[in-house]
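Positions -17 to -1, 1 to 272 (mature numbering (1 follows the signal peptide of the UniProt record, and there is no 0)) are the ones given, in order, by the sequence shown.
Backbone N, C-alpha and C define an ideal beta-carbon position, used for all residues, glycine too.
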Amino acid sequence: MLLINIFFLGLAIAVNATQYFECQIEDPIQSIESFYAISHCESIKGNLVIEDLDVPIIEFKRLREINGDLIIRNSPELVRVESPILGKISGSLKMNELTSLSLISFPSLKSVTGLDWRVIPLLSNVRFSSEISDVQDIIISDTSLTGFSGFRAEQLQTLDINNNRFLEVLNSNVENINGMLHIASNAKSLKLNIPKLRSVNNVSINDVEELDLSALTEVKESMSIYNNNFEELKLPNLERVGGTLSITKNSQLSTIELDNLEEINGGLMIINNTQIQKIEFLANLTKID
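(1) For S116, which residues of its own chain have a beta-carbon under 8 Å away from its beta-carbon, when the five flanking residues on both sides are left out?
(2) Quick check on E80: does DSSP put it in helix, strand or coil?
(3) Do S172 and E204 count as a contact pair if the criterion is CB distance below 7 Å?
(4) Under a Cβ-count criterion, where at least 16 other Cβ atoms within 10 Å of its own Cβ denotes burial, should S75 be classed as buried or exposed?
(5) To the nearest angstrom, how far is it from the Cα of M206 to the Cα of L46?
(6) Buried or exposed for S234, going by 16 or more other Cβ atoms inside 10 Å?
(7) What residue range does the alpha helix (DSSP H) around E16 cover?
(8) Hey, quick one: how far does the beta strand (DSSP E) through F4 stretch, first residue to last?
(9) Runs of 3 residues minimum, wholly inside the stretch 149 to 178: which ones carry the beta strand (DSSP E) assignment?
(10) Using the Cα positions of N256 and N189, report the straight-line distance between them to the nearest angstrom.
(11) Would you tell me roughly how many angstroms separate the C-alpha atoms of E60 and S187, rounded to the nearest one?
(12) Is DSSP giving I(-5) helix, strand or coil here?
(13) Would DSSP call D272 helix, strand or coil?
(14) With the cut-off set at 7 Å, would you say S73 and N108 are in Cβ contact?
(15) Can you give me the C-alpha to C-alpha distance between I208 and R101, rounded to a whole angstrom?
(16) Near G225, what residues of its chain come up, given a Cβ to Cβ distance below 6 Å and the 5 sequence neighbours on each side ignored?
(17) Helix, strand or coil for S182? Go by DSSP, reduced to three states.
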């Protein structure tokens, strides 16, 4: 296998003569000249960091895989990011402080470890493959997305969706979340559907109009249901909460179903749910520590 190392604008580029161009990126891409220098790359080894780049469009026409993170940040002129044949990011796709970005298009992407999108206030259009797998962490904050679905992930470490003011639908088939489920400050009409979720470490749910956690059996630490807009809270399979269970300030809540809850290993707080007249939904609760 013939490998030719080329150094240009701080980039180490290894050319694989039999298969594809493989580029090893040593420095952040901060100029259009640096970006053009990697435009022929089909595979990138290491983290690809693009920052402070004053261009409206970033397009990776030939890129097929990134063995590391793809990080795009602090580029206020950027409007679109496109990569038509990129199929794999072995690390995370991180996009932060992109105040003009409205479109992300990776239609061939099938594998990525994490999504971390923050402060992208105009982002309203995301074009991804429906077959994305291997996701472990999803953090989406301060966008203009109206819906979020997909990702073939039975297990996540984090699902944190917050401050997306137009987000009205959030669907996921995840079954286990080993860290935090945090949903807060999205559209007041948000419908949150995670019907297969069985186990989660921590839960914090705010500002939701409809909630489906019907398969949930265990919360390993604490669970907070605060300031929501739904009338019914049905958790028919929940058996154990390892920390505090807090149901607070849900002004429309009139029905709570916790018939199988047996054990709370922290405190129990049911406060300022003004439509609840009597607590008759804890018939099987035998332990509060």
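Reading off the structure:
(1) Here the question's residue 116 lines up with position 133 in the sequence shown. The residues are K93, S94, F134, R135 and A136.
(2) Here the question's residue 80 lines up with position 97 in the sequence shown. Reduced to three states, the DSSP call for E80 is coil.
(3) Here residue 204 refers to the residue found at position 221 of the sequence shown. Here residue 172 refers to the residue found at position 189 of the sequence shown. When the beta-carbon positions are compared, E204 and S172 stay at least 7 Å from each other.
(4) Counted from its first residue, the sequence shown places residue 75 at position 92. Counting Cβ neighbours within 10 Å, S75 comes out buried, since at least 16 surround it.
(5) Within the sequence shown, the letter at position 223 stands for residue 206. Within the sequence shown, the letter at position 63 stands for residue 46. Cα to Cα, the separation comes out at about 42 Å.
(6) For the purposes of this step, residue 234 is taken as residue 251 along the sequence shown, with counting starting at 1. With fewer than 16 Cβ atoms within 10 Å of its Cβ, S234 is classed as exposed.
(7) Along the sequence shown, read from residue 1 onward, the residue named residue 16 stands at position 33. I15 to A20 is the extent of the alpha helix (DSSP H) around E16.
(8) In the sequence shown, counting from the first residue as 1, residue 4 sits at position 21. From DSSP, the beta strand (DSSP E) with F4 extends over F4 to I8.
(9) Taken in chain order, the complete beta strand (DSSP E) segments of 3 residues or longer contained in the stretch 149 to 178 are 152 to 154, 159 to 167 and 174 to 176.
(10) Within the sequence shown, the letter at position 273 stands for residue 256. Within the sequence shown, the letter at position 206 stands for residue 189. Taking the straight line from one Cα to the other gives about 14 Å.
(11) Counting from 1 along the sequence shown, the entry for residue 60 is found at position 77. Counting from 1 along the sequence shown, the entry for residue 187 is found at position 204. Going by C-alpha positions, E60 is about 35 Å away from S187.
(12) Within the sequence shown, numbered from 1, the residue matching residue -5 stands at position 13. With a pLDDT of 48 at I(-5), under the threshold of 50, the modelled position of that residue is not reliable, and no figure is offered here.
(13) Reading the sequence shown from its first residue, position 289 is the one you call residue 272. The answer is coil: DSSP assigns D272 none of H, G, I, E or B.
(14) Position 90 of the sequence shown, counted from the first residue, corresponds to residue 73. Position 125 of the sequence shown, counted from the first residue, corresponds to residue 108. Result no, Cβ atoms of S73 and N108 do not sit closer than 7 Å.
(15) Taking the first residue of the sequence shown as 1, we reach residue 208 at position 225. Taking the first residue of the sequence shown as 1, we reach residue 101 at position 118. Their Cα atoms are separated by approximately 24 Å.
(16) For the purposes of this step, residue 225 is identified with residue 242 of the sequence shown, where counting begins at 1. K203, E204 and N248, listed in sequence order.
(17) Here residue 182 is taken as the residue at index 199 of the sequence shown, counted from 1. Three-state result, S182: strand.
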